Each structure stands twice: as C-alpha cells, then as structure tokens.
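Here the structure is laid out as structure tokens; the discussion comes afterwards.
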Amino acid sequence: MHPEVVSDRPGACPKCGMALEPRVAADKEKENPELRAMSRRFWLSLALTVPVLVVAMGDMLPGAPISRLLGGGARNWVELGLAIPVCTWGAWPFYVRAVQSVKSGHLNMFTLIGLGVFAAFAYSLVAAILPGIFPAAFREPSGGVGVYFEAATVVVTLVLLGQVLELRARGRTGEAIRSLLGLAPKTARRIRGDGTDEDVPLVEVNVGDRLRIRPGEKVPVDGIVLEGESHVDESMVSGEPIPVTKTPGDRVVGATVNGSGALVMRAEKIGADTLLARIMAMVAEAQRSRAPIQKLADAVAGWFVPIVVGVAVVTFVVWSWIGPEPRMAHGLINAVAVLIIACPCALGLATPMAIKVATGKAASMGVLFRNAESIETLRKVDTLVVDKTGTLTEGRPRLLSVVPAGGFGEEELVALAASVERASEHPLAEAIVAGAKERGLALGKVEAFDSVAGKGVRAKVSGRDVAIGNRAMMADLDIDLSAISDDAEELRGEGQTVMFAAVDGGLAGLFGVADPIKAGSAEAIAQLHADGLRIVMVTGDSRTTGLAVARRLGIDEVIAEVLPERKVREVEELQAQGRIVAMAGDGINDAPALARAQVGIAMGTGTDVAMESAPVTLVQGDLRGIVRALRLSRATVKNVRQNLFFAFVYNAIGVPVAAGVLFPVFGLLLSPMIAAAAMSFSSVSVIANSLRLRRVRV
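Residue numbers (the working numbering): 13 to 710.
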C-alpha cells in the first residue's frame, strides 16, 4: 500500500501492517505464503472457537445445559484451554504487527486488533485463574466474574477469516496482469545457420536470431517479419479483437498469437526490452503509486487510531462510572468492541485496490498508466491536443507527388532526397526512401548529416549540399519558393504534406507525401466530442494540409507550422485559459509538450522518448484508447469515492454504536464478535467494489 516500502521477502508492511505485495505480479501457479499462513491459522482457530462457543452458550442450547455437566469454574477452565491456542498462536501475527506499529510510530489496524484481543483475553485469563482479586464492579449478580473467551476467540477467528478473504480478493486484482504473463511462450523455434530448426528456451534467444512461427503458435519475442504472411491476434496487448495482417517488414510483438500462416522473424527485443516486459514494469510502477485523492485517506488515517484509542478509553471510563452492573465488565467489553470495529483497514484499501484493478484492466485494453495520478487527472481533461503525423495518421506516408524545379529531373531529385532522408527516422523521410526503392534508384554517399528539429534535414550527397524540409527551413536558407508555391498549395489542399528540396543553395523542387488517416481516428474524435472534449491539432505541417485532415475528422482547431518549442507554448496557453490539457503525440519533437501537459499520452508505435515523457501510453497507437482511458479514469475515481464514502460512513456509525450510544434508548449493545464480523465485512466489501472495475464498460 505504501510505494516507499520495499522488501526482499514477503512480510507485513511496517506502516499499515497489511501483507506486502510483489512489485511484479507473480505467476498464477505460485501460492501466496501470507494467504497460506493465515488460512492455516484460521482453520485451527475455527476448530477451537466452535467448542468455546458451545461451552460458553451451552445453557441456551436445547438438551442438558452445560452448567449441569460443568460447574462455573470448570467451564471457565475448559474455555481457557480451548482459547489459549487461538488467542496466542492464532492471533500472534496481530500482536507482532501491533507491537511493530507502536515501535515505528505508525499506528494502524493491527494496533487496534492486537490491543482489543489482548485486553479481552488477558482479562478473561486473570478472571479464570484469580477471580478473587476482582472488586464488586466486575462481578455478576451471581457473584462470579464473567469471562469473555468466546468473544476473544470469535474476534480472532473472524479477523483471520477477513484476512483470508481479503488476501484472496487482493490476489484477484492482479488477474489481468497474470493472464498476460501466462500468455508468454516458454520456448522459441530458432533457425540455425544451415536452415534447420531447433527449439530453445526463451532465455537463450539473442537479438538478431531468426525465428520460425508456425500457424497457431505464439510470437516468442518482439521483432520484424522477414518472410511469410499471416494474421496475428494482438488483442492481449491492444484490446482489439480483430487480427492484424503481418507481411515482411511489419513488427510483431512477443506473446501475440499467430494465425493460419507461417512466419519467419528476426528477434529485435528480448527479455526486459520486450513490449510485454515493459508493460509489466509500467503497470507494477503504476500500482505502487499514490493517487492525489489518497492524501485525504492518509491524513485521516494519521489521526484515526489515536482518536479511536481515546474513544475506547472514554467508553471504558463512562461505562465503569455510570453503566449497569457489572459496570467494569461492561466498560471493558464495549471498549474492546470500539477497538475492533474501528479497524481502518477499509480506509487503507479504498484507493490502492481500485488503482490496482484499473491499471490491470487498462493494460488488457492496450492502455498503460505510468502512475495513479494520471488516472485521477485524466478524468478532468477538457482539451485534447493532438499531433498529426503518427497520431491521427498512420505515420507511414507514401510519396505521391514529385515536382522538380531548377532544371532537375524527377529521378535525380528523388535519388538525392532519398540519400539524405535515409539517415532520418521521420515517417516522411521513410516515404521518400521507399519511393526511391520503388523506382529502382541508386542512392549516393552521405556526409555531414544534420537534422534540424521541426524543420528538416541537411547533408552532402556526392559533394552536393542537399536540404529537405518545410517552408521554415527554406526561409533559413534564403530559398525562393515562388516558382512552385501554387503547386505546393494545390497538393496541400488534397491533404498531402509538402516538403521542399534545395540543392547547392538553389530550389530543386518539392515532394507531396500523403499519410493515411488511421482507421479509428474519426470514431475516436467523435466519441471524445461526445464526452465533452475540445480537440486541437498542433502540427509542424502546413496549415492547408492540417485543415484538410481536420475537416475529415471534425477537429475543432488547427495550429499548424509549429516548431517543437511552439507546441509547448500552445499547451501552456491553453492551460493559462484554465483548461485541463492532455497531449497525444508519438515523436521526439512531441516529448516536451507531452511532459508539459497535465496528462501526456504517447503512441506506443512511436519513439521511446515520447513514451518515457508521457504518463499514459497507447500500446497500439490507436486514439480510441484515449476514449477507453478517459472513461476508465472516470469510473475509477467514482469507485474510489464510493470506497472512501463506505469506509468513512462505516466508522462514523460503527464506533458510536460500539461505544453504546444506543443503549440508553434501545438497550442495544454491540458484541465484539459482531464488531469483528462487521470489520472484516467492511474490508472485503471495499475490495469487492474495486473488483467491479474489471467489468465496467469503457
């Protein structure tokens, strides 16, 4: 529950006392040692508690009363013998954690449980062994001193039951992640140098290995398809049920499932570098982080236990002073009821459990939250700023138009441009290189390559100075574009992105590149509008091209021809207007704006820098993931508020009732046994409510 608490072995949290959880979800086959220990203590305690209850309440049962079989003193000794294992060995973890909480200064639920159980058991122990030392205020009308072994044992058993149910329920919150782990293959079919195959453990696969994937098999690691064609089910990382066509050159993700075709791939990322491993790491980090709303629970919890102990002391004093006979006994049992029912476990679980379930569900839908704060903040977003290339569009543009100028021929111009762009990672550059390959052109030797962020690239190709970029770059080079400005505007009106070329300081022509809009972009924009968001496109492309894309998608505002630093300023200007801004992008040039926005959303198909700069990543780069993330964020915060409301109301009602405020009017007292049952129910209820997030429709 506390991200700063890290241990190299299972155990209890030194702050809240609850069982520590693995930083990365364990395999489903591994048994939780804490659950196993608590289950063992519960079953033995239950076996001894039932006869304690029978002996204590035997006079109420049909048939021969226990009092005829056992005298009052003998009955106390029988209860004592049965209660000792329960209230010592069974309750031992509660005592240990209670003492640790006092030593560390972090009073928690086990402080109250340990104190309450020990008080009831110690009192009963002394009453059974030395009844003569008690004054009249402790004695019943018959003259005997009452014992509460049944209350102590039932409290221990019910709290143990609550711990078992809680640990099992907490285990279910990680099922989404464990299901991903279970999908990871254990072996790979590696192709040897002589062309034969061998099955090897996944840990022996190296980067560059050629791997064969037969129909129906799982993709072993992340890589590139070299041969074959098939459809791959990527729903385990994207949430989309429709298989994706894979041909040579396409990327495949480890643990996805191959369809009916056979593939040969090259391993590109293995071990901790695979997408699945990164998903696990990001989800684990998010589940350990603290949401801002948790600050309220933390502030209350800091004062809660001392206040409850104070209330228990006041309860004992008041009942001992003005309560009915035996006053002291009533005071003790009501004080114990206050300590037990006021356990702040539900309060401590309210936020972390909802965050854990939400991050797991999000990962199964192809949405990765880096921290809990992003989950809480995303629901407040009213403006989404999006980049165009690679975010709204596929990021795999094609070279459609070439307009030479300055006496250059088309093939010569394409060859020079492709020679320079071969060293660039920008999608537009890839389109020109692909265009040169389609034409069968030979590329020249490149020297002194330089990339100018937000403008373009420059290099020497076979001794000639070549520059490829946008209008801003041509302006920096004092290139006059008037000869082809009409051609450029016409292509932009058709939705093509225009890049200009200059060779040896003179205009050489332009290229028109079209980047297809992603299949889900229009649907995502419509759904985001329906959810009340304003959509702003901020792009380095020309305004004409940006407007053409915006018209097709229904985007509210277009800010075009901006440099990376301008994107940051646009985000800041929107924030200055009081808007809560989310920024979605995929490139290195988007990283500063992603970091500046209240919520940065990176496309998983983009650069690693963008993903590292953003607290939210869409694994498949599909904008519909933002819709899912937004709705899940709203559902999660609503769930947390329900949990906190339940925890606060439960304690607000339970503590006064346990203290006996209803006794003067209704004659009702709350047994510590009922208090223990209610306390366990409250914790399990909070977890059960959190688990509902797994079924929420987003």
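A virtual CB, placed ideally from N, CA and C, is assigned to each residue, including glycine. None of these values were measured; they are calculated from a predicted model.
Which ranges does the beta strand (DSSP E) cover as unbroken runs of at least 3 residues, wholly within the region 620 to 657, from first to last along the chain?
Look at the region 620 to 657 and you find these whole runs of beta strand (DSSP E), each 3 residues long or longer: 628 to 630.
Which runs of the alpha helix (DSSP H) spanning at least 4 residues fall entirely within the region 319 to 374, listed in chain order?
Whole alpha helix (DSSP H) segments, 4+ residues: 339 to 353.
Alpha carbons only, please: which of Pro22, Glu239, Val98, Val90 is nearest the one belonging to Phe54?
Distance from the Cα of Phe54 is smallest, within the candidate group Pro22, Glu239, Val98, Val90, for Val98.
Assigned exposure category for Met365 - 16 Cβ within 10 Å defines buried:
It is buried - the Cβ of Met365 has at least 16 other Cβ atoms within 10 Å.
Endpoints, the alpha helix (DSSP H) within which Arg52 is located
Counting along the chain, the alpha helix (DSSP H) containing Arg52 begins and ends at 45 to 68.
How far does the alpha helix (DSSP H) with Phe106 in it reach, from first residue to last?
Residues 104 to 116.
Pair within 8 Å by beta-carbon distance, Leu404 and Lys530:
With a cutoff of 8 Å on beta-carbon distance, Leu404 and Lys530 are scored as near each other.
Could you name the residues of the same chain whose beta carbon sits closer than 6 Å to that of Pro197, not counting the 5 residues immediately before and after it, in chain order?
If we look at Pro197 and ignore the five residues flanking it on each side, its Cβ neighbours are Lys230, Pro232.
Can you list, in chain order, the stretches of the alpha helix (DSSP H) that have 4 or more residues and sit fully within the region 219 to 260?
Runs found: 247 to 250.
Please list the segments of the alpha helix (DSSP H) lying wholly inside the region 486 to 571, counting only runs of 4 or more residues, in order along the chain.
Counting whole runs of 4 or more residues, the region 486 to 571 contains the alpha helix (DSSP H) stretches 497 to 505, 533 to 542, 555 to 565.
Can you check whether the CB of Ala526 is closer than 8 Å to the CB of Pro409?
For Pro409 and Ala526, yes; Cβs fall inside 8 Å.
Work out the CA separation of Arg504 and Val473 for me, nearest whole Å.
If you draw a straight line from the Cα of Val473 to the Cα of Arg504, it comes to about 28 Å.
Relative to the alpha-carbon of Glu437, which residue among Gly468, Asn482, Ala362 has its alpha-carbon at the smallest distance?
Cα-wise, what sits closest to Glu437 is Gly468.
What's the call for Gly552, buried or exposed, on a 16-neighbour Cβ count within 10 Å?
When all chains shown are included, Gly552 counts as buried.
Count the other CB atoms within 10 Å of the CB of Pro213; is the residue buried (16 or more) or exposed (fewer)?
Looking at its Cβ environment, which holds fewer than 16 other Cβ atoms inside 10 Å, Pro213 is exposed.
Please identify the residue among Val379, Ala384, Ala603, Ile537 whose C-alpha is closest to the C-alpha of Gly633.
It is Val379.
By the 10 Å Cβ neighbour count, where 16 or more other Cβ atoms means buried, how is Pro116 classified, buried or exposed?
For the sequence presented, residue 116 should be read as Ser rather than Pro. With fewer than 16 Cβ atoms within 10 Å of its Cβ, Ser116 is classed as exposed.
Can you name the start and end residues of the alpha helix (DSSP H) that Ala200 belongs to?
From DSSP, Ala200 is part of no alpha helix (DSSP H) but of the beta strand (DSSP E) over 199 to 203.
Quick check on DSSP: helix, strand or coil for Glu41?
Because Glu41 sits at a pLDDT of 48, beneath the cut-off of 50, its placement in the model cannot be relied upon, and the following sentence gives the value as read from the coordinates. Here Glu41 carries a coil assignment [DSSP, helix/strand/coil].
What does the Cβ neighbour count give for Leu680, buried or exposed, with the cut at 16 atoms within 10 Å?
Leu680 is exposed by the Cβ-count criterion.
Spatial neighbours of Pro255 within its chain, please: CB distance less than 7 Å, with the 5 preceding and 5 following residues excluded, ordered by chain position.
His243, Val244, Asp245, Gly271, listed in sequence order.
Using only the alpha-carbon positions, how far apart do Pro336 and Ala324 sit?
The alpha-carbon atoms of Pro336 and Ala324 are separated by roughly 18 Å.
Does the distance from the CB of Trp89 to the CB of Ala140 come in under 8 Å?
Taking 8 Å as the cut-off, the Cβ atoms of Trp89 and Ala140 count as close.
Taking contact to mean at least 3 C-beta pairs separated by less than 8 Å, is the region 413 to 431 in contact with the region 513 to 528?
The answer is yes - the region 513 to 528 touches the region 413 to 431, with three or more Cβ pairs under 8 Å.
Report the residue from Ala596, Gln610, Glu573, Val574 whose alpha carbon sits nearest the alpha carbon of Ala588.
Per the Cα distances, Gln610.
Considering only their Cβ atoms, is the gap separating Val667 from Val320 smaller than 8 Å?
Val320 is a Cβ neighbour of Val667, given a cutoff of 8 Å.
Considering only the beta carbon of each residue, do Val669 and Thr363 sit closer than 8 Å?
No, the Cβ-Cβ distance between Val669 and Thr363 is not below 8 Å.
Pop quiz: Leu137 and Met50 are said to be a contact at Cβ under 8 Å. What is the actual Cβ separation, rounded to whole angstroms?
The Cβ separation is near 24 Å, so there is no contact.
Report yes or no: do three or more beta-carbon pairs, one from the region 573 to 580 and one from the region 428 to 435, lie closer than 8 Å?
No, the region 573 to 580 is not in contact with the region 428 to 435.
7 Å CB neighbourhood of Val350 in its chain, flanking five on each side removed:
These residues qualify, in order along the chain: Val320, Val323, Ala324, Thr327, Val667, Ala670, Ala671.
Going by DSSP in three states, Glu573 sits in which element: helix, strand or coil?
In this structure, Glu573 counts as coil in the three-state DSSP scheme.
Determine which residues share a DSSP beta bridge with Ser413 and list them.
Partner residues in the beta bridge of Ser413, as assigned by DSSP, are Gly524.
Residues in the same chain with beta-carbon distance under 6 Å from Thr259, minus the five sequence neighbours each way, listed in chain order, please.
The residues are Glu241.
Whole-number beta carbon distance between Val710 and Val548, since they are thought to touch under 8 Å:
Contact between Val548 and Val710 does not hold, since their C-beta atoms are separated by about 24 Å, which reaches or exceeds 8 Å.
Under the three-state reduction of DSSP, which class applies to Arg476: helix, strand or coil?
Residue state, collapsed to three classes: strand.
Just the C-alpha distance for Val171 and Glu216, rounded to the nearest angstrom, thanks.
Each residue's alpha carbon lies about 47 Å from the other.
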